[in-house]
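Novice:
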Ligand code: FRU
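Residue numbers (the numbering used here): 1 to 434.
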């Protein structure tokens, strides 16, 4: 039987298990990415980050997101707006921030001057050994807080396992501010299936390649009233199971002039989606990815959708060093537009690039989020981070350390959109949301 088992394993190893995709899953292609060009409509003005006032004295902050209502509009509770951000005390060793990331929240009447409220969850309540990005939606006096549970609580050695999690609590607002109380149980609401979305085990088979299953983002489709969670994933299957498909690259004309390097196989970023069942945000039905970047890009972070003029604008962030071999692109915000929620996405501005750091400061800011009124929030790096950026996580050796790091909120920037083209507009004060 040992021999029979060995033979079965050997034979099955020869049959590629193709990553499953649905007809509606769109590819972001190598040909599209090859059209990336920085210009005045997509390049952020230079910011001297060292001169920015720190968003909050005692903490580094990076990924942020506002409290919204169920429809995705920025919420107001007794006149207060609420902003959540990943944070870490600013006196810890720079390399530690991701390992102890904690969601803290801020409240403000004018959306400009923020007061630190504290941690979102009571100490020790969340699942995972640290909290990574998510979203928060309020309904009927309650907050539904979605986050990424990274690692496992109590583990001795940090692992990078990522699971989508949530908890529901009460929102208490008075003239002094906002707080959250009476939290229910924390629940894991989605884990990778290995078919559409790569598991951590698959990512560890063979050599290299990304792993992400994170950043749950609430979305209600105004056309159908159906509700969803978008998330960052990687296409299912291990590196050795993947086979190249022409549609990943673009036209034959393009690939005949620009052959696809074998090493591009390591890139398999995707944008995942799950449907909310019976209006219960903790009950999710996993669906095939909205978009994949196989042989193109390894990390499509913090995906989110803004609906404008009856069109779906799907945005995501990625890093310089997440492009597949043979392709280049900046630390940037990227976007796609479609008339339908599923299928049909075309890259904005032909390449997908919407917003890029200025070439003289390529790591100036990151983790941009487009709000319903098309203002864009993100975070800025201060200090020297060499050629690494804070998003370089999830696949790094666990002892991976950042050289120097600090995070604060940069000026909010306005975006204008016309059909499938976008333009950067005015800058507003740091962390301004409306
Ligand atoms: C983006 C990101 C997110 C993740 C967080 C962890 O900056 O990589 O995808 O949730 O940072 O710090």
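Cβ coordinates follow ideal geometry from the N, Cα and C atoms, glycine included.
For the stretch 137 to 155 against the stretch 255 to 271, are there 3 or more C-beta pairs whose distance is under 8 Å?
Specialist: At 8 Å Cβ cutoff, the stretches do not touch.
Novice: Could you give the distance in angstroms between the alpha-carbon of residue 276 and the alpha-carbon of residue 50?
Specialist: By 1-based counting over the chain shown, the position of residue 276 is 276. By 1-based counting over the chain shown, the position of residue 50 is 50. Each residue's alpha carbon lies about 43 Å from the other.
Novice: Apart from the five residues on each side of it in sequence, which residues of its chain come closer than 7 Å, Cβ to Cβ, to residue 411?
Specialist: Mapped onto the chain shown, residue 411 falls at position 411. Here the set comprises 47, 427, 428, 429, 430.
Novice: Under a Cβ-count criterion, where at least 16 other Cβ atoms within 10 Å of its own Cβ denotes burial, should residue 141 be classed as buried or exposed?
Specialist: Counting from 1 along the chain shown, the entry for residue 141 is found at position 141. Classification of residue 141: exposed, given that the 10 Å Cβ count is below 16.
Novice: Determine the closest residue to residue 109 out of 145, 88, 123, 176, with distance taken between C-alpha atoms.
Specialist: Counting from one through the chain shown, the residue named residue 109 turns up at place 109. Minimum Cα distance to residue 109 is reached at 176.
Novice: Residues bridged to residue 74 by DSSP?
Specialist: The residue given as residue 74 occupies position 74 in the chain shown. Looking at the DSSP assignment, residue 74 forms a beta bridge with 68.
Novice: Within the 8 Å Cβ cut-off, does residue 315 reach chain B?
Specialist: Looking for chain B here will not work: only one protein chain is present.
Novice: Where does residue 272 fall in DSSP's three states?
Specialist: As a first step, residue 272 must be located in the chain shown, where it is residue number 272. Strand.
Novice: Should residue 331 be counted as a contact of the ligand FRU given a C-beta to heavy atom distance under 7 Å?
Specialist: By 1-based counting over the chain shown, the position of residue 331 is 331. Incorrect: residue 331 has no Cβ contact closer than 7 Å to the ligand FRU.
Novice: Would you identify the three-state DSSP class for residue 185, choosing helix, strand or coil?
Specialist: Sequence index remark: in the chain shown, residue 185 carries index 185 (1-based). Correct three-state label for residue 185: coil.
Novice: Determine contact between the stretch 158 to 174 and the stretch 126 to 134, defined as no fewer than three beta-carbon pairs at a distance below 8 Å.
Specialist: The answer is yes - the stretch 126 to 134 touches the stretch 158 to 174, with three or more Cβ pairs under 8 Å.
Novice: Can you tell me whether residue 53 is buried or exposed? The criterion is at least 16 other CB atoms within 10 Å of its CB, across all chains shown.
Specialist: If you number the chain shown from 1, residue 53 lands on position 53. The residue is exposed, with fewer than 16 neighbouring Cβ atoms inside 10 Å.
Novice: Going by the CB atoms, is the gap between residue 27 and residue 211 shorter than 8 Å?
Specialist: By 1-based counting over the chain shown, the position of residue 211 is 211. By 1-based counting over the chain shown, the position of residue 27 is 27. Contact flag unset, no.
Novice: In chain order, what residues of the same chain lie with their CB nearer than 6 Å to the CB of residue 149, ignoring the 5 residues before and after it?
Specialist: Here the question's residue 149 lines up with position 149 in the chain shown. Correct list, in chain order: 127, 128, 163, 165.
Novice: By Cβ distance, which residues of its chain are closer than 7 Å to residue 179, with the 5 residues on each side in sequence left out?
Specialist: Position 179 of the chain shown, counted from the first residue, corresponds to residue 179. Answer for residue 179: 117, 172, listed in chain order.
Novice: Could you tell me if residue 25 is buried or exposed, where buried requires 16 or more neighbouring beta carbons within 10 angstroms of its beta carbon?
Specialist: Stepping through the chain shown from its first residue, residue 25 is reached at position 25. Flag for residue 25 reads buried.
Novice: Tell me whether residue 366, by its Cβ, gets closer than 7 Å to a heavy atom of the ligand FRU.
Specialist: Numbered from its first residue, the chain shown carries residue 366 at position 366. Yes, Cβ of residue 366 sits closer than 7 Å to a heavy atom of the ligand FRU.
Novice: Hey, out of 377, 273, 321, whose CA is closest to residue 84's CA?
Specialist: Start at 1 with the first residue of the chain shown, and residue 84 comes out as number 84. Closest by alpha carbon: 377.
Novice: Would you decide whether residue 251 is buried or exposed? Buried here means 16 or more other CB atoms lie within 10 Å of its CB.
Specialist: Walking along the chain shown from the start, residue 251 turns up at place 251. By the neighbour-count rule (16 or more Cβ atoms within 10 Å), residue 251 is not buried but exposed.
Novice: According to DSSP, is residue 200 helix, strand or coil?
Specialist: For the purposes of this step, residue 200 is identified with residue 200 of the chain shown, where counting begins at 1. Looking at residue 200 - three-state DSSP - the assignment turns out to be helix.
Novice: Pick out whichever of 221, 366, 213, 207 has its Cα sitting closest to the Cα of residue 265.
Specialist: As a working mapping, residue 265 is identified with position 265 in the chain shown. When only C-alpha atoms are compared, the closest one is 207.
Novice: Using the rule of at least 16 other Cβ atoms within 10 Å of the residue's Cβ for burial, across every protein chain shown, is residue 215 buried or exposed?
Specialist: Translated into positions along the chain shown, residue 215 becomes position 215. With 16 or more Cβ atoms within 10 Å of its Cβ, residue 215 is classed as buried.
Novice: Residue 416: buried (16+ other C-beta within 10 angstroms of its C-beta) or exposed?
Specialist: The residue given as residue 416 occupies position 416 in the chain shown. Flag for residue 416 reads exposed.
Novice: Would you check if the distance between the CB atom of residue 282 and the CB atom of residue 424 is smaller than 8 Å?
Specialist: Your numbering for residue 282 matches position 282 in the chain shown. Your numbering for residue 424 matches position 424 in the chain shown. Cβ distance not < 8 Å, so residue 282 and residue 424 don't count as in contact.
Novice: Alpha carbon to alpha carbon, how far is residue 56 from residue 408?
Specialist: Here residue 56 corresponds to residue number 56 of the chain shown, with the count starting at 1. Here residue 408 corresponds to residue number 408 of the chain shown, with the count starting at 1. C-alpha separation (whole angstroms): 8 Å.
Novice: Can you name the start and end residues of the alpha helix (DSSP H) that residue 30 belongs to?
Specialist: One-based indexing of the chain shown puts residue 30 at position 30. Segment 30 to 33, the alpha helix (DSSP H) holding residue 30.
Novice: Would you mind working out which of 89, 197, 331, 353 sits nearest residue 360, comparing C-alpha positions?
Specialist: As a working mapping, residue 360 is identified with position 360 in the chain shown. Considering only alpha carbons, the answer is 331.
Novice: What three-state label does DSSP hand residue 180 in the structure shown?
Specialist: The residue you call residue 180 lines up with position 180 of the chain shown. Here residue 180 sits in strand by DSSP.
Novice: Beta strand (DSSP E) containing residue 162: first to last residue?
Specialist: The residue given as residue 162 occupies position 162 in the chain shown. Start and end: 162 to 174.
Novice: Tell me whether the beta-carbon of residue 151 lies closer than 8 Å to the beta-carbon of residue 160.
Specialist: The residue labelled residue 151 in the question sits at position 151 within the chain shown. The residue labelled residue 160 in the question sits at position 160 within the chain shown. Yes, the Cβ-Cβ distance between residue 151 and residue 160 is below 8 Å.
Novice: State the Cα-Cα distance for the pair residue 193 and residue 199, rounded to the nearest angstrom.
Specialist: In the chain shown, the residue the question calls residue 193 occupies position 193. In the chain shown, the residue the question calls residue 199 occupies position 199. For residue 193 and residue 199, the distance between alpha carbons rounds to 7 Å.
Novice: Of the residues 30, 104, 174, which one's Cα is nearest the Cα of residue 78?
Specialist: The residue labelled residue 78 in the question sits at position 78 within the chain shown. Checked all of 30, 104, 174; the closest Cα to residue 78 is 174.
Novice: Return the CA-CA distance between residue 345 and residue 186, expressed in angstroms with no decimal places.
Specialist: For the purposes of this step, residue 345 is taken as residue 345 along the chain shown, with counting starting at 1. For the purposes of this step, residue 186 is taken as residue 186 along the chain shown, with counting starting at 1. Residue 345 and residue 186: Cα-Cα distance of roughly 34 Å.
Novice: Between the Cα of residue 39 and the Cα atoms of 381, 372, 329, 369, which residue gives the shortest distance?
Specialist: The sequence position of residue 39 within the chain shown is 39, counting from 1. Nearest C-alpha to residue 39: 329.
Novice: Please tell me whether residue 372 and residue 72 are closer than 8 Å, where the distance is taken between their beta carbons.
Specialist: One-based indexing of the chain shown puts residue 372 at position 372. One-based indexing of the chain shown puts residue 72 at position 72. Against a cut-off of 8 Å, the Cβ pair of residue 72 and residue 372 comes out as a contact.
Novice: Could you give the DSSP three-state label for residue 417: helix, strand or coil?
Specialist: Stepping through the chain shown from its first residue, residue 417 is reached at position 417. Here residue 417 sits in strand by DSSP.
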